[in-house]
Amino acid sequence: MSWIDKASEIGVIAVAEHLGLEVVQYSGHPSIKPCPSCGSEIRSKSSGDKRGPIGPRKDLKGFLCHRCKISGSPVDLVAFKEYGVRFKSLSREEKDNVQQWFEGNWGDLGRYENNYKNLEPQYPDSQELETFWKTCIRITESKICRAWIEQRWIDPEIVALYNYGTAIDGSTAKFPWATFKKKNWSDTGYQAIFPLYNPQGKLTSVRARWVSYQKPLSKVINPSGCEVQGTILADRQALAILQEKPLDDYDGYIVITEGDPDYLSWATRNKENTFATFGVFSGSWNNDFASKIPEHSKVVVATHYDNDGEKYFRQIFDSLKDRNVKVYRSNNKHLDV
Ligand SMILES: [Zn+2]
983 MSWIDKASEI GVIAVAEHLG LEVVQYSGHP SIKPCPSCGS EIRSKSSGDK
1033 RGPIGPRKDL KGFLCHRCKI SGSPVDLVAF KEYGVRFKSL SREEKDNVQQ
1083 WFEGNWGDLG RYENNYKNLE PQYPDSQELE TFWKTCIRIT ESKICRAWIE
1133 QRWIDPEIVA LYNYGTAIDG STAKFPWATF KKKNWSDTGY QAIFPLYNPQ
1183 GKLTSVRARW VSYQKPLSKV INPSGCEVQG TILADRQALA ILQEKPLDDY
1233 DGYIVITEGD PDYLSWATRN KENTFATFGV FSGSWNNDFA SKIPEHSKVV
1283 VATHYDNDGE KYFRQIFDSL KDRNVKVYRS NNKHLDV
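Just so you know, the working numbering puts 1076 at position 94 of the sequence shown, and the rest follows in order with no gaps.
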């Protein structure tokens, strides 16, 4: 193992602590301050936010400063602290110094190893996300997105009416996370944008869907450098349930779908808001969502009939099994719980 790989295994928290940076534990999640590049001590101006500006990646092999957007590996953290630039921009001699720093500190660094596992997922900055979302265009105004929706027999007017999806064009605000291979999403085929909510029903992230003609490598992408676990697609009624104020017409049925097209099909047919539609994907569902499902609900899991679809069903079923909630598989086979 090279010394750089070994540094990655040690992780950014241990390196930050040993560099004399402060590791702040807030709600069980570590963050780092101050940023060795921009000097910021805070993540955001909101007084309730006690996190440091730097968030470690979940696997601890990387970090991101939410203020100045520097990012990199544990080796880069040392380079920024000592020289103000990334490791690869250092001279031969400076690189040797960074290597020396690690070589001289393995013993101490090892003490911190694997101490932090409960890391928060990294989402786009909430103010940037709000600006991005506000500067998206109606999905019906994008020819290419409209065609993608209509090909799936989904009503684009309903999608637009309730903002179940939007589109981007050149006028949409540009952020480093709204890129794919360093191109803005609007310059790629990823032009349909779907909003993702956290268990409190707050817009937390987005995913971008390929709507162009030639086949992409992946149909859906997440914001670059960010994660989407712990977020979900939610129609009006589902969002109201997460915000703990179900709309009057709620009939107690919840449909949980998989993937954007299935989610949109169900959500757009739900014109009277009688039921609630959620859309899940990998890493989406968790116990916080389960706890928001109202008592006496009937949950229909309409995920695909394949390994992933069964996995989602099992996870949702298990998360609700001690609750006064009925969980059905969409082929009518039902399980009382
Ligand atoms: Zn910074």
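Ideal Cβ positions, reconstructed from N, Cα and C, are used throughout, including at glycine.
The model shown is predicted, which means the values in this text are computed figures rather than measured ones.
For residue i, the first and last residue of its enclosing alpha helix (DSSP H)
i            : result
residue 1221 : 1218-1224
residue 1062 : 1056-1065
residue 1214 : Here residue 1214 belongs to no alpha helix (DSSP H), and DSSP marks it neither H nor E.
residue 1167 : Taken as a continuous stretch (DSSP letters only), residue 1167 belongs to no alpha helix (DSSP H), as it is neither H nor E.
residue 1245 : 1242-1251
residue 1127 : 1125-1132
residue 1258 : Run containing residue 1258: none in the alpha helix (DSSP H); it sits in the beta strand (DSSP E), 1258-1262.
residue 1296 : 1289-1302
residue 1115 : 1108-1116
residue 1274 : 1269-1274
residue 985  : 985-992
residue 1142 : 1138-1143
Distance, residue j Cα to residue i Cα
i            : j            : result
residue 1195 : residue 1167 : 15 Å
residue 1278 : residue 1058 : 52 Å
residue 1144 : residue 1183 : 15 Å
residue 1284 : residue 1151 : 33 Å
residue 1203 : residue 1256 : 31 Å
residue 1299 : residue 1199 : 32 Å
residue 1247 : residue 1226 : 24 Å
residue 1178 : residue 1311 : 24 Å
residue 1136 : residue 1048 : 37 Å
residue 1304 : residue 1211 : 23 Å
residue 1260 : residue 1066 : 45 Å
residue 1142 : residue 1273 : 29 Å
residue 987  : residue 1043 : 9 Å
residue 1108 : residue 1186 : 7 Å
residue 1125 : residue 1293 : 36 Å
residue 1237 : residue 1302 : 14 Å
residue 1054 : residue 1252 : 45 Å
residue 1193 : residue 1132 : 12 Å
residue 1207 : residue 1111 : 14 Å
residue 1045 : residue 984  : 20 Å
residue 1307 : residue 1189 : 30 Å
residue 1314 : residue 1280 : Confidence at residue 1314 is low in this model, with a pLDDT of 48, below 50, so the placement of that residue should be treated as unreliable; the coordinate-derived value is given next. Between residue 1314 and residue 1280, the C-alpha separation is close to 12 Å.
residue 1080 : residue 1003 : 16 Å
residue 1114 : residue 1296 : 35 Å
residue 1205 : residue 1161 : 7 Å
residue 1031 : residue 1005 : 15 Å
residue 1169 : residue 1039 : 27 Å
residue 1084 : residue 1070 : 16 Å
residue 964  : residue 1104 : Any property of residue 964 remains undetermined from this structure, which presents the chain solely from 983 to 1319.
residue 1023 : residue 1033 : 9 Å
residue 1249 : residue 1051 : 36 Å
residue 1078 : residue 1019 : 21 Å
Environment of residue i [buried if 16+ CB atoms lie within 10 Å]
i            : result
residue 1090 : exposed
residue 1130 : buried
residue 1266 : buried
residue 1074 : exposed
residue 1082 : exposed
residue 1242 : buried
residue 1007 : exposed
residue 1159 : buried
residue 1172 : buried
residue 1015 : buried
residue 1233 : exposed
residue 1139 : exposed
residue 1128 : buried
residue 1093 : exposed
residue 1254 : exposed
Start and end residues, beta strand (DSSP E) containing residue i
i            : result
residue 1011 : 1011-1015
residue 1038 : 1036-1038
residue 1178 : 1172-1179
residue 942  : Lying before the first or after the last residue shown, residue 942 is absent from the chain, which here runs from 983 to 1319.
residue 1155 : Premise fails: residue 1155 is in no beta strand (DSSP E) and is neither H nor E.
residue 1080 : Taken as a continuous stretch (DSSP letters only), residue 1080 belongs to no beta strand (DSSP E), being part of the alpha helix (DSSP H) at 1074-1085.
residue 1185 : 1185-1192
residue 1311 : 1308-1311
residue 1280 : 1280-1283
residue 1045 : 1045-1047
Practice problem: Starting from the N-terminal end, write out each residue whose C-beta falls within a distance shorter than 5 Å of any non-hydrogen atom of ligand 1. | Solution: 1017, 1019, 1020, 1047, 1049 and 1050
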